[in-house]
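Protein sequence lines correspond, in order, to chains A and B. Just so we're aligned, residue 1 is where the first sequence starts under this note's numbering, counting upward by one. Just so we're aligned, residue 1001 is where the second sequence starts under this note's numbering, counting upward by one. All C-beta atoms in this analysis are idealised placements derived from N, C-alpha and C, irrespective of residue type, glycine included. Predicted model only: the values in this text are computed from it and were never measured. Working notes for the structure below.
Number of protein chains: 2
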Amino acid sequence: MKTSSRRARARRYPDDRGAPPAAKRGRPRSRLTITDIARLAGVSKKTVSRVINRAPYVQADTRARIEAIIAEHGYQPDPQARGLAFRRSFLVGLIHDNPNPQYVENIQLGILDSLAGRGYELVIRPCDRRGPGFLEDMRGFVERLRLFGVVLIPSVSEDDRLAKLLESADCPYVRIACASVDKPQRMVLTHDARGAAAAARRLAELGHRRIAYLSGPPLFRSAHERGAGFIAGLAEYGLELAPDLAVLGAYTYESGLARGRELLARPDRPTAIFAGNDEMATGVYSAAHELGIRIPQDLSVIGFDDAPIATRIWPAMTSVRLPVREMGRTAAEGLFATPKAAAAKAPVAEFTPSLIERESTAPPPRARPTRS
Amino acid sequence: MKTSSRRARARRYPDDRGAPPAAKRGRPRSRLTITDIARLAGVSKKTVSRVINRAPYVQADTRARIEAIIAEHGYQPDPQARGLAFRRSFLVGLIHDNPNPQYVENIQLGILDSLAGRGYELVIRPCDRRGPGFLEDMRGFVERLRLFGVVLIPSVSEDDRLAKLLESADCPYVRIACASVDKPQRMVLTHDARGAAAAARRLAELGHRRIAYLSGPPLFRSAHERGAGFIAGLAEYGLELAPDLAVLGAYTYESGLARGRELLARPDRPTAIFAGNDEMATGVYSAAHELGIRIPQDLSVIGFDDAPIATRIWPAMTSVRLPVREMGRTAAEGLFATPKAAAAKAPVAEFTPSLIERESTAPPPRARPTRS
DNA sequence: GCGTCTATGGTAACCGGTAGCATAACCGTG
DNA sequence: CACGGTTATGCTACCGGTTACCATAGACGC
């Protein structure tokens, strides 16, 4: 009877379609649990739990013995069980809509640098902040996963609706964004303006006077920030950005190519172009090649990001670099800050870009640099 | 007494340092649970569970009523609790050591295409298969997380030790790798050889005879595969790859630049170079620029991967394309295959690359193509 | 010697789900 | 109309941890 009953059970769910495969998979062979460790050590689960969580009230030798047993058996507490009890998962989310894979990858690596060895994992979540149901999606994501924390990178890091949502969902977060923030917030700041100013100074020093700025799209705060910094840098040399030499791109190669063609086809074309990012600067390179304009002899170009492509095109491009991986690491570290520090809403860290000089800049044709 | 006892308790962990912040965080306000839904619907937890898991033996109207209540309240079952009971998490891992961020990003996006709406999440795990403790790390990772499945991409996808480990850990996996496999396995196959053969045919048709192959490092199976395909393609036109024109690179820009310089400095330099990937092909571009060798008039170049850089350098590069995002999606789909299909160990899918012709190929100098 | 405090460890309940089994209702059939 | 088989549903234990609360053993002060 027992047997036949079991056999009947084996044929479960006769009309089952679409049940999660997880439910059908064979059981993995069971591993050691906290109960096993407690039994091996001759103590209670509670004591082992104290050791795992580094809680006090465990004798030093007891602690050492338990730790030895844990190490010997390679025991790893189950994050799902711990998370269930803690009402918090051991997952850190990266929410992003950044079109630059190199940037995203470096952020990921930086976050993982910080997570390594802590027992937390990184969950990736791309998004479209202008898509329908964006906020609902995000809410579902963070609530369902009970994320330990979230890192946001541009441009979604500039979306205050999302920040507000994360707060209401009680999900800690750190934003990476450039420095023009009105109120104190929990973020990793990048001083894009300073990098852009450095680019402006360098072009001014080389003697350029007709200098163009190829801006990123207004959706990105960095576009404004870099533009403002560039203008400020020029002003230090008594230069102004002529209105007709400030043109709007989209942070894409294609927009750089199109705007580059237009700028360089003018009779009084600029002798230098500062592009809001390397993608657009690369487009300017192509436009120059098409028109037979030599870089850097006829045209100086500076980009922003110091993407790998900056050294892969010819001539190697001068660009502005941010320590992206380090920024990712720092942002993740910020999630582990003490509650007090987190409540302070102060910036987690600030980064200033550096100008990496290569072969795409030179004095303008028929002109002499003001100094070296 | 009671009160003072509680107050004493509030000062818990007086010398606590290093306890997981999760344990210290305030509790998120509690959400709806399956018990709440059951109460609202006037049924038992078990019945709600059946609805969630699409199990049979629930009356259609009961099911509809429960689904309506779930939708109305935006209830989402807790993946940690489900995972604990299932002994399986709802996480899919991507284990990778691929140096190409564009490739990795597209794989990620493809996997996420497949996971979207299924309630599974993507966890990223870079690795170094030659580092110390590689296998132990991986074992700890997959066992601790009880991963639902893992996607592997080159070159770690070619590591049989890891495949064996995943099997012994009862962790389903799908590998993306090129087609030269000896035994049938659960993988997404890419016919890199066919793409390389197409490149060879094209160069032969244009009339090239002195053709070089710049190989990737032996660690990558794709390097052999592409080389073999290229040689086979040449053979169709009665051509051979001269031993001195097969050189070894490292899939990096720098190696492409160095090998390119050497190849192009020879008195009898090749009129065409097929590089194992776009990074190296870009290095060849730079070497040609340095030496004043024009592309494509003096030198034809074909790369592999169709990376974004292929269209951003000048002249736009002919390259071989694989549908990377689609491959990632397909690999993830493979994890959801029925147990029967999974046990079959048959390939999940196969992809053949296509040759994307751009401006970096032309007939050799002072020669006439054999046909169009 | 006794009450109080501190250090330590045990027990039961719980986190939010799922699995096994019992049971009731329904169905057609001999 | 009793009966076996199928469908629908609920009860209870359990997944692997953590917490609340309690019990006990020494140390200490009077």
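Check: Using the beta-carbon count (16 or more within 10 Å), is B/Pro1421 buried or exposed?; Outcome: Only positions 1001 to 1372 of chain B appear in the structure, and residue 1421 of chain B is not among them; the question remains open.
Check: Are the segment 1123-1143 of chain B and the segment 1160-1167 of chain B touching, with three or more C-beta to C-beta distances below 8 Å?; Outcome: yes
Check: Nearest chain B C-beta to A/Ala81 closer than 9 Å, yes or no?; Outcome: yes
Check: With H, G and I counted as helix, E and B as strand and the rest as coil, what does DSSP make of A/Leu386?; Outcome: For residue 386 of chain A there is no data in the structure shown, the boundaries of chain A being 1 and 372.
Check: What's the C-alpha gap between B/Arg1266 and B/Met1280?; Outcome: 19 Å
Check: Which same chain residues end up closer than 6 Å to A/Ala197 when comparing Cβ atoms and leaving out the 5 residues on each side of it in sequence?; Outcome: Gly229, Ala232, Gly233
Check: Whose C-alpha, out of B/Ile1176, B/Arg1082, B/Thr1047, B/Phe1304, is nearest the C-alpha of B/Gly1227?; Outcome: B/Phe1304
Check: Using the beta-carbon count (16 or more within 10 Å), is B/Ser1255 buried or exposed?; Outcome: buried
Check: Can you tell me whether A/Leu335 is helix, strand or coil according to DSSP?; Outcome: helix
Check: Report all residues from its chain with a CB closer than 7 Å to the CB of B/Pro1339; omit the five preceding and five following residues, and keep chain order.; Outcome: none
Check: Taking a contact to mean a Cβ-Cβ separation below 9 Å, would you say B/Val1156 touches B/Arg1129 in this structure?; Outcome: yes
Check: For a contact meaning CB atoms closer than 7 Å, what does B/Gln1108 contact in chain A?; Outcome: Ile124
Check: Would you say B/Leu1264 reaches chain A, if we count a Cβ-Cβ gap shorter than 9 Å as a contact?; Outcome: no
Check: Among residues of its own chain, excluding the 5 on either side of A/Arg194, which ones have a beta-carbon nearer than 8 Å to its beta-carbon?; Outcome: Gly229, Thr352, Pro353
Check: Could you tell me which uninterrupted alpha helix (DSSP H) segments, each at least 4 residues in length, are contained entirely in the segment 1247-1321 of chain B, listed from first to last along the chain?; Outcome: 1253-1265, 1278-1290, 1309-1312
Check: Report the CB separation of B/Gly1119 from B/Phe1090 in whole angstroms; it is logged as a contact under 8 Å.; Outcome: 6 Å
Check: Taking 9 Å as the cut-off, decide whether the C-beta atoms of A/Arg202 and A/Glu357 are in contact.; Outcome: yes
Check: Taking DSSP as the reference, what is the three-state secondary structure of B/Tyr1173?; Outcome: strand
Check: Which chain A residues are close to B/Ile1309, counting only those with a beta carbon under 9 Å from its beta carbon?; Outcome: Thr282, Pro308, Ile309, Arg312, Ile313
Check: Closer than 9 Å between beta carbons: that is the criterion. Which residues of the segment 1124-1145 of chain B meet it against chain A?; Outcome: Ile1124, Arg1125, Pro1126, Glu1136, Arg1139, Gly1140, Phe1141, Glu1143, Arg1144, Leu1145
Check: Mapping the DSSP letters down to three states, classify A/Tyr213 as helix, strand or coil.; Outcome: strand
Check: Identify, in the order they occur along the chain, each residue of the same chain with its Cβ nearer than 8 Å to the Cβ of A/Gly26, setting aside the five sequence neighbours on each side.; Outcome: Because the pLDDT at A/Gly26 is just 41, under 50, the model does not fix this residue reliably, and the point stays unresolved.
Check: Any idea which residues DSSP pairs A/Gly229 with across the strands?; Outcome: Looking at the DSSP assignment, A/Gly229 forms no beta bridge with any residue, so it has no partner.
Check: Please name the residue in A/Tyr253, A/Asp268, A/Leu214, A/Ala272 whose C-alpha comes closest to that of A/Pro207.; Outcome: The amino acid occupying residue 207 of chain A in the given sequence is Gly; Pro does not appear at that position. Among A/Tyr253, A/Asp268, A/Leu214, A/Ala272, the Cα nearest to that of A/Gly207 belongs to A/Ala272.
Check: Alpha carbon to alpha carbon, how far is A/Arg88 from B/Thr1047?; Outcome: 27 Å
Check: Taking the alpha-carbon of B/Glu1158 as reference, which of B/Pro1323, B/Asn1100, B/Thr1190, B/Arg1221 has the nearest alpha-carbon?; Outcome: B/Arg1221
Check: Please list the partners that A/Val104 has in chain B, where partner means a Cβ-to-Cβ separation under 8 Å.; Outcome: Pro1101, Glu1105
Check: Can you give me the C-alpha to C-alpha distance between B/Arg1366 and B/Asp1298, rounded to a whole angstrom?; Outcome: 10 Å
Check: Pull up the CB-CB distance for B/Arg1259 and B/Val1247, whole angstroms please, since I reckon it's below 8 Å.; Outcome: 5 Å
Check: For B/Asp1244 and chain A, any beta-carbon pair shorter than 9 Å?; Outcome: no
Check: Under 8 Å: does the beta carbon of A/Leu122 sit that close to some heavy atom of the ligand FAD?; Outcome: As presented, the structure is devoid of all ligands, the ligand FAD included, so that no description of it is given.
Check: What would DSSP say about B/Pro1101, mapped onto helix, strand or coil?; Outcome: helix
Check: Buried or exposed: B/Thr1318, going by 16 or more other Cβ atoms within 10 Å of its Cβ?; Outcome: buried
Check: Excluding sequence positions up to five away, which residues of its chain have a Cβ less than 8 Å from the Cβ of B/Thr1361?; Outcome: Arg1202, Leu1203, Leu1206, Ala1272, Pro1296, Ser1300, Val1301, Ile1302, Thr1318
Check: What's the C-alpha gap between B/Met1138 and B/Val1320?; Outcome: 33 Å
Check: Pop quiz: A/Tyr253 and A/Gly283 are said to be a contact at Cβ under 8 Å. What is the actual Cβ separation, rounded to whole angstroms?; Outcome: 5 Å
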